[in-house]
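Quick note, the sequences are listed as chains B and D, same order.
Start counting the first sequence at 1; every next residue gets the next number (this note's numbering).
Start counting the second sequence at 1; every next residue gets the next number (this note's numbering).
Idealized CB from N, CA, C, for every residue including glycine.
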Amino acid sequence: MQSRVAGLGQRFGVLAVGGIVGLLVVLPVLRLGYVVWTEGAASLDEVIAQGGLGRAVLNTVLLAGSVTVVAVPLGTLAALGLRRADVPARRWWRFAMLLPVLVPQFVLGYSWTQAYGRAGFTDVALGLPWPSVLGPWGVWAVLVVNTVPLAYLFAAIGLATRAEPNLERAARASGARPVSVLLDVTLPLLRPSIAAASVLTFALTMESFAIPQVMGTPAGFTTVTTTIYRDLSLGSDPRSFVEALALSLLLVALTLLVVVPADLWLGPRLRVTRVADPEGALTLNPRGQGGRWVAAGLGTYLFLGVVVPLVALLAASVTPAVGVSPSPRNWTLDNFRFVVNSRSIDALGRSMTLALMAATLLTVLGGCVAVLERRRAGRAMSSLVTITLVLPGSTLAVAMLITYGRWLGGTLTLILLAYLAKLWAFAHRPISGALDRFPPEQLQAARASGAGPLTAVRTVALRPLAPALLGAWLICFVTALHEVTMSSLLYGPGSDTLAVVALNTQELGRIGPTAALSLLLTLVMLAPAVPAWLAIRWLRTPRRLHPRRVRGAIHVG
Amino acid sequence: MSDDALDRVPAVLEVRELCVRYGEVTAVDDVSLQVRRGEMLALLGPSGSGKSTLLHSVAGFQPPSSGEVWLKGRRVATHEQAEPPEHRDVAVVFQSYALWPHLSALDNVAYPIRRRGVGRRLARDEALHILSRLRVSHLARRRPAELSGGEQQRVGLARALARQASLYLFDEPTAHLDTHVRGVFLDELVVRREATGAGGLYATHDAEEALGLADRVALLDAGQLVQVGTPQQVYTEPVDVWAARLTGPASVVEGTVVATKGDRCVVKVHDTVINVEGRDTAPGPDRVSLLVRPGWAHFGGELPGRLRAVWFRGPHSDHLVDTGQGEVLIREPGPPRHAVGDEVTWTLSRTWPMREAYSRGDVGGRGSVIRPFTPASSPGPSEHRPR
Chain B
1 MQSRVAGLGQ
11 RFGVLAVGGI
21 VGLLVVLPVL
31 RLGYVVWTEG
41 AASLDEVIAQ
51 GGLGRAVLNT
61 VLLAGSVTVV
71 AVPLGTLAAL
81 GLRRADVPAR
91 RWWRFAMLLP
101 VLVPQFVLGY
111 SWTQAYGRAG
121 FTDVALGLPW
131 PSVLGPWGVW
141 AVLVVNTVPL
151 AYLFAAIGLA
161 TRAEPNLERA
171 ARASGARPVS
181 VLLDVTLPLL
191 RPSIAAASVL
201 TFALTMESFA
211 IPQVMGTPAG
221 FTTVTTTIYR
231 DLSLGSDPRS
241 FVEALALSLL
251 LVALTLLVVV
261 PADLWLGPRL
271 RVTRVADPEG
281 ALTLNPRGQG
291 GRWVAAGLGT
301 YLFLGVVVPL
311 VALLAASVTP
321 AVGVSPSPRN
331 WTLDNFRFVV
341 NSRSIDALGR
351 SMTLALMAAT
361 LLTVLGGCVA
371 VLERRRAGRA
381 MSSLVTITLV
391 LPGSTLAVAM
401 LITYGRWLGG
411 TLTLILLAYL
421 AKLWAFAHRP
431 ISGALDRFPP
441 EQLQAARASG
451 AGPLTAVRTV
461 ALRPLAPALL
471 GAWLICFVTA
481 LHEVTMSSLL
491 YGPGSDTLAV
501 VALNTQELGR
511 IGPTAALSLL
521 LTLVMLAPAV
531 PAWLAIRWLR
541 TPRRLHPRRV
551 RGAIHVG
Chain D
1 MSDDALDRVP
11 AVLEVRELCV
21 RYGEVTAVDD
31 VSLQVRRGEM
41 LALLGPSGSG
51 KSTLLHSVAG
61 FQPPSSGEVW
71 LKGRRVATHE
81 QAEPPEHRDV
91 AVVFQSYALW
101 PHLSALDNVA
111 YPIRRRGVGR
121 RLARDEALHI
131 LSRLRVSHLA
141 RRRPAELSGG
151 EQQRVGLARA
161 LARQASLYLF
171 DEPTAHLDTH
181 VRGVFLDELV
191 VRREATGAGG
201 LYATHDAEEA
211 LGLADRVALL
221 DAGQLVQVGT
231 PQQVYTEPVD
241 VWAARLTGPA
251 SVVEGTVVAT
261 KGDRCVVKVH
271 DTVINVEGRD
281 TAPGPDRVSL
291 LVRPGWAHFG
301 GELPGRLRAV
311 WFRGPHSDHL
321 VDTGQGEVLI
331 REPGPPRHAV
341 GDEVTWTLSR
351 TWPMREAYSR
361 GDVGGRGSVI
371 RPFTPASSPG
381 PSEHRPR
């Protein structure tokens, strides 16, 4: 009897979650296809024949390809380098590698223009401007800086789970030099991780909006996403609307063209993961000198990629006007005073509310999918959720707009729905991964010890899964807070977020206020993120019962 | 080559005063030992005793904190300089075999041959030959994931053999080497002994395996060498109670050694004097711990006791007798002779007096039915082990 109730509950769960996925993702995308097919059929030919569009599509594909080709090897190299035992302050570097993704894309792009552009930081300080920072090269460079950490993460996880130290030791003991070990053993073992990183980097670059918008648009460099934005926010004639719809569909089609074959090839290979070896990092050359080179390389990357731009941003935010040298006697807080007005404070409140709600709902929904995908009926759902990871934000926003815009157009709810659809996979992945590592026997043992299903989960599973749940929440929170691709297309009067306010200010060409807003946008993340991160660390530290607290414990030496 | 000539050539492996420290923890503490040509030395110790670390230092995965490692008369590691593993003449069989999942069994075995500079085709031929010697040539094209545990072991061993090394290191292979695999490997040692000389170092926590496989056994505890000897020596004459329990089922009764002559000695247990087989290095009036292995005590005789427990084991039965001076395990052929609670008499045919009374933690040897040992009131100084 009880099992039938449980079965019904599961079926209801699958139906409910499946329904939400359908409403949030499937229906809007189908509707987008339908609208382009019916309403646009006539004007579609004109749209496609337009000269600039082919250019934008070509730019997008070239950009995604060239970023992937450079960022993935760099990230892999960083992961390999950081395995060396002799890298000074290795733990710190591992954390620092994630800094470039903690800075919002908009802020990173904008800070580069302030650092390396004409009249920028290096120009004023050293007389060394890099004029092409505005344009394709700048966009490419910042996207590389922004995506290297992703490739690093994939490679580092791959190294931890696949390249068991004994596999490499066995090669050394078979007479292979370190280079041969790398080529014959380590890299082949990493191949699936590297391939997955490449696919994701490609997809994320295809859909990137903030960086091309800030650095490419002023120089006339267009991509698919910036064209969609231009069409929807500036264009007023129906033709530009049809063009945006067609481009949205084209963007998702192009992405899927790369992702689907790669996923079919990768799927079975990624699933057979070895269990991580507890022995940890391989330390074959504990006394080598290579560690310093690794540290120097990473230091250069972080210094030029993030530190100098952020310092330039800070300088710009305290400088009263362009051309004024950023020396201490010229410092002013006018820019901050200017931007801290009712509009930006309201926007900040909305951003925080959105991010909090999205992160909390997403953790629940991601957890639901992670649990349900273990049942047969739920498997398709998890694939669907994973696809939203590569579903371009612009496409999703446009699809949401034409599906639900009639009722929800310009409201925060529509933005929240878009976030839920887009970030679902962000929450699902870490929770699902933690569940994979969680041995089901532990729950069975709890049940066999007399715990009901809920009690078993609460007492046995919740504690080991807590870091993953908090981590998922944190990822969703930060991403939602920084999101600008979808919110810039969906916002209406009274529903603009802080990121949108910053983007609008930048479009008006106000350097000081934009810099001040950018800093605010970067720093507000810390408010909830630091406590959450500390909590994760606290949860992860293994705590031993003090022997004295356990009465009668036998100390086995 | 005569044995005299062999003695003059350097040992395959010599470890001198080796220490390995990880921060505060000393994993290997001042260990010196040798593996001679054609010899298999077992490193026997409980988990965490430093076996793997010692092996990794010899292989070149872990540099020594102090001390030296010599391979065939050549110094390969000091605390200043350590030769990388690929330049050392060693082959390693790993705990879970560490077969490369992306290579077939054949290519796994061919890998060390390729690294010697042999072409792909020749290397594969040679690898196939080694696999067929281990009777697994039909598995050559399979990936490791498609092999059973025992098959993986054979491929792992084949890969080590393909290295043609002077020293073979076994890092606690998860399953015991089966008779055939062991035979092939020992044959290889003999062949290589005639050619250039080879030896093996086998880390394990399983006494039965160590005693059955090795020419000599080294007992390791908390990174320190406790005793080195032939399997018979460490079994019949362990240096202390810890070593006795590590090397097999051991009972201990309290008594004194009255006199000793050649291979016999007279001991006194319960005021009863008996003449038994066994040597004593320093007879005296002190109370000592008399080691009793399962076959060394029998029913009937002068000593009293009460039967506490009985286990029928098939070919024989084990009887646990409470003697008042400690519990003794008596193993007799056939079904149980007495019922639990019976008053019985028993005697000793052999013993080994131990003055060292360390209890170094619970060893829990296989088949051991002995309760934790309570140290005697005044443990005597050690003569076996300079610490």
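B/Ala-451 to B/Gly-9, Cα distance in whole Å?
-> B/Gly-9 has its alpha-carbon roughly 19 Å from the corresponding atom of B/Ala-451.
Pull up the DSSP beta-bridge partners for D/Leu-43, would you.
-> The partner list for D/Leu-43 (beta bridge, DSSP) reads D/Ala-203 and D/Ala-218.
Anything in chain D within Cβ reach of B/Ser-180, meaning under 8 Å, just list it in chain order.
-> Near B/Ser-180 (Cβ distances below 8 Å), the residues of chain D are Arg-115.
Measure from the C-beta of D/Arg-92 to each C-beta in chain B and report whether the shortest distance is under 8 Å.
-> Just to set this straight, residue 92 of chain D is Val in the shown sequence, not Arg. Chain B contact via Cβ: present.
Interface residues of chain D facing B/Arg-91 [CB-CB closer than 9 Å] = Residues of chain D with a Cβ closer than 9 Å to the Cβ of B/Arg-91 do not exist, since the nearest Cβ in that chain sits about 15 Å away.
Tell me, please, whether the CB atom of B/Gly-22 is closer than 8 Å to any CB atom in chain D?
-> For B/Gly-22, no Cβ of chain D is located within less than 8 Å of the residue's own Cβ.
Does D/Arg-159 have its Cβ less than 8 Å from a Cβ in chain B?
-> For D/Arg-159, the answer is yes, since a Cβ of chain B falls inside 8 Å of its Cβ.
Simplified DSSP assignment, three categories, for D/Val-285 | Looking at the sequence shown, residue 285 of chain D is not Val but Pro. Judged by DSSP in its simplified three-state form, D/Pro-285 adopts strand.
Classify D/His-129 as helix, strand or coil using the three-state DSSP reduction.
-> Correct three-state label for D/His-129: helix.
Please confirm whether D/Leu-139 and D/Leu-71 have their CB atoms less than 8 Å apart.
-> Against a cut-off of 8 Å, the Cβ pair of D/Leu-71 and D/Leu-139 comes out as no contact.
C-beta neighbour in chain B for D/Phe-312, strict 8 Å | Answer no: the Cβ-Cβ gap between D/Phe-312 and chain B never drops below 8 Å.
Starting from D/Ala-82, follow the beta strand (DSSP E) in both directions and report where the run begins and ends.
-> Secondary structure note for D/Ala-82: it is in no beta strand (DSSP E), with a DSSP letter that is neither H nor E.
Buried or exposed for B/Val-272, please, with buried defined as at least 16 other CB atoms from any protein chain shown within 10 angstroms of its CB.
-> In this predicted model, B/Val-272 has a pLDDT of only 45, less than 50, meaning its place in the structure is not dependable enough to derive any value.
Find out if the Cβ-Cβ distance for the pair D/Ala-110, D/Arg-124 is shorter than 8 Å.
-> Result yes, Cβ atoms of D/Ala-110 and D/Arg-124 sit closer than 8 Å.
Three-state class that DSSP yields for B/Glu-243 in the structure shown | In this structure, DSSP gives B/Glu-243 a helical state, which the three-state scheme calls helix.
Does any C-beta atom of chain D lie closer than 8 Å to the C-beta of B/Pro-188?
-> Chain D, which has a Cβ nearer than 8 Å to the Cβ of B/Pro-188, makes this yes.
Among D/Val-92, D/Tyr-22 and D/Ala-214, which one has its Cα closest to the Cα of D/Gly-156?
-> Checked all of D/Val-92, D/Tyr-22 and D/Ala-214; the closest Cα to D/Gly-156 is D/Val-92.
Does the separation of the CB atoms of D/Asp-240 and D/Met-354 fall below 8 Å?
-> Yes, these two residues count as a Cβ contact at 8 Å.
C-beta neighbour in chain B for D/His-270, strict 8 Å = In terms of beta-carbon proximity, D/His-270 stays away from the interface with chain B, with every pair separated by 8 Å or more.
Are any of the Cβ atoms in chain B nearer than 8 Å to that of D/Ala-244?
-> Cβ-Cβ to chain B under 8 Å: no for D/Ala-244.
With DSSP run on the structure shown, which of helix, strand or coil describes B/Ser-325?
-> In the structure shown, B/Ser-325 sits in coil (DSSP, three-state: anything other than H, G, I, E or B).
With DSSP as the reference, label D/Ala-309 as helix, strand or coil.
-> Taken through DSSP and simplified to helix, strand or coil, D/Ala-309 comes out as strand.
Evaluate the contact criterion for the segment 521-538 of chain B versus the segment 366-374 of chain B: three or more CB pairs, one atom per stretch, below 8 Å.
-> Result no; under three Cβ-Cβ pairs closer than 8 Å.
Using a Cβ cut-off of 8 Å (strictly closer), state whether B/Arg-84 contacts chain D.
-> At a cut-off of 8 Å between beta-carbon atoms, B/Arg-84 makes no contact with chain D.
With respect to the alpha helix (DSSP H) encompassing B/Ser-488, which residues constitute its N-terminal and C-terminal limits?
-> B/Ser-488 -> alpha helix (DSSP H) spans 487-490.
Might you give, ordered along the chain, the residues of its own chain that have their beta carbon closer than 6 Å to the beta carbon of D/Arg-133, omitting 5 neighbours on each side?
-> If we look at D/Arg-133 and ignore the five residues flanking it on each side, its Cβ neighbours are Val-184.
Could you give the C-beta distance for B/Gly-75 and B/Tyr-152, rounded to a whole number, given that I count them as a contact under 8 Å?
-> Correct: roughly 4 Å between the Cβ atoms.
What's the call for B/Ser-193, buried or exposed, on a 16-neighbour Cβ count within 10 Å?
-> Burial state of B/Ser-193 is buried, judged by a 10 Å Cβ sphere holding 16 or more other Cβ atoms.
Can you list the residues of chain B that D/Arg-163 reaches, using a CB-CB cut of under 8 Å?
-> Result: Ala-173, Ser-174 and Gly-175.
Determine whether the Cβ of B/Val-185 lies closer than 8 Å to any Cβ atom of chain D.
-> Taking Cβ atoms only, chain D reaches closer than 8 Å to B/Val-185, which makes this a yes.
Cβ-Cβ separation, B/Pro-212 to B/Val-139 (assumed contact under 8 Å), whole Å | The pair is a contact, with the Cβ atoms about 5 Å apart (cut-off 8 Å).
Would a check of beta-carbon distances place D/His-138 closer than 8 Å to chain B?
-> At a cut-off of 8 Å between C-beta atoms, D/His-138 does not count as an interface residue with respect to chain B.
Segment limits, alpha helix (DSSP H) that includes D/Tyr-97 | Careful: D/Tyr-97 lies outside any alpha helix (DSSP H) and carries neither H nor E.
Would you please state the rounded distance, in angstroms, between the beta carbons of D/Thr-256 and D/Pro-285? I believe it to be under 8 Å.
-> With 8 Å as the limit, D/Thr-256 and D/Pro-285 qualify as a contact, their Cβ atoms being about 6 Å apart.
Cβ of D/Ala-397 less than 8 Å from any chain B Cβ?
-> Limits of chain D in this structure are 1 at one end and 387 at the other, which puts residue 397 of chain D out of reach.
Rounded C-alpha distance that separates B/Glu-279 from D/Ala-207 = In this prediction, B/Glu-279 has a pLDDT of 40, which is less than 50 and means its spatial position is unreliable; nothing more can be read from the coordinates.
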